[in-house]
Amino acid sequence: MRCIAHIINLVVVDGLEETNVSVKRVREAVRYIRQSPARLQKFKSCCKMEGIESKSSLCLDMCTRWNSTYLMLNVAQKFENAFDRYATIDPCFKFDLQSSDGLPDSLDWENVRRLVDFLGHFYDLTLRISGSRYVTSNIFFNEISSVDCLLQEWQGSNDIELACMGDRMKVKFDKYWGDPDKMNKIVYIAVVVDSRYKLEFMEFALSTVYGKEKGMELAKKIKLTVYELFDEYKKTYQAEHEHGSNVAGNTSENNESKGAKKKSWLNLGDQFLKHKIETGEANSKSDLDCYLNKGIKAVDEKKNLIY
């Protein structure tokens, strides 16, 4: 299975293949101001005059890396009024930018804010799935299915540019995750063993993304795989347990006479359990059945705690 963060990167890059002129204009404006300490100082003065208070500072992106472009635009859009004021006190600023793509205007800033919102989803997603101090395997499917829903929403947008980006990204998305049968089943199994989701969420998510008929069919396959894994684990555990019991039995042969009464009580207990099973009163559910039949656990999103 390819790195999920890498695939997300490929999906976003395809969506931004045709970078609009608004991004280029903002990039050139940021580059101009960052070229000298004097310009930066003037820009800070413009921020004060406009009453802009922000701890963020202008940063230049690497145009081949969408995440750095997102960070640049996210900071720059906060200083729209400061850029406008700076253009009135530095004539070279306007002249220099008009020789390339021009000054960013109000329409450009509107486009930038829309793009920041667009890229923000993927930037946050990349941070979540790339974490190294917490378990991430159980959130992969949730994130993947959420991206699919988001792309479908953008495809149906009245915003032509947003719809086009959604179309390009959906093509790349489907190349890797369009066919759920080809996805690594660990992505699904990790969700089932998460007490917040289990099979209930799996059935809901698959039905939402792939349709009810296809979704329920996939959910049945995943459930079967989970039970097969559980049975394999149970066999391994029982074999190890029996081996340990045999070793313990060999070391206790000398104490057989002392444990005669205890043994009779164990035999009686075994007979009782056998009787319960024969009469159908014993609970024949496996640990996996019990786990899946319990309700899902609530989670505090702010603290990321499961109750």
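Under UniProt numbering, the first residue of the sequence shown carries the number 1, and numbering increases by one thereafter. Positions of the beta carbon are idealized from the N, C-alpha and C atoms, including for glycine. Predicted model, so just to flag it, every value in this text is computed and none were measured.
Query, Result
"Those runs of the alpha helix (DSSP H) which lie wholly inside the stretch 99-185 and span at least 4 residues", "106-129, 140-155, 160-177"
"Terminal residues of the alpha helix (DSSP H) in which threonine 208 lies", "198-210"
"At least 3 beta-carbon pairs within less than 8 Å: the stretch 10-19 vs the stretch 40-48", "no"
"Among Phe201, Ile33, Ile160, nearest to arginine 114 - alpha-carbon criterion", "Ile160"
"Beta-carbon proximity check, valine 30 vs leucine 71, cutoff 7 Å", "no"
"Alpha-carbon to alpha-carbon, valine 21 and leucine 73", "13 Å"
"Three CB pairs or more closer than 8 Å across the stretch 119-138 and the stretch 175-183", "no"
"4-residue-minimum alpha helix (DSSP H) runs that sit fully inside the stretch 70-96, ordered along the chain", "80-89"
"Helix, strand or coil at arginine 65 according to DSSP, with G and I counted as helix", "coil"
"Cα-Cα separation between aspartate 287 and threonine 136, rounded to whole angstroms", "24 Å"
"Chain-order list of residues whose beta-carbon lies under 8 Å from that of lysine 94 (same chain, five-residue window excluded)", "Ala87, Leu103"
"Terminal residues of the alpha helix (DSSP H) in which aspartate 289 lies", "287-293"
"Inter-residue spacing [alpha-carbon to alpha-carbon] between glutamate 217 and serine 132", "34 Å"
"Residue environment, leucine 107, which counts as buried when at least 16 other CB atoms sit within 10 Å", "exposed"
"Run of the alpha helix (DSSP H) containing lysine 24, from where it starts to where it stops", "21-34"
"Closest residue to glutamate 200 among Tyr291, Ile186, Tyr123, Val116 (Cα-Cα distance)", "Tyr291"
"Nearest neighbour of asparagine 184, chosen from Asp194, Phe140, Cys92 [CA to CA]", "Phe140"
"Cβ-based neighbour list, methionine 202, same chain, cut-off 7 Å, excluding 5 preceding and 5 following", "Tyr188, Val191, Val192, Ala219, Ile222"
"Status (buried if at least 16 other CB within 10 Å, exposed otherwise) for aspartate 105", "exposed"
"Limits of the alpha helix (DSSP H) - the one that leucine 10 falls within", "4-15"
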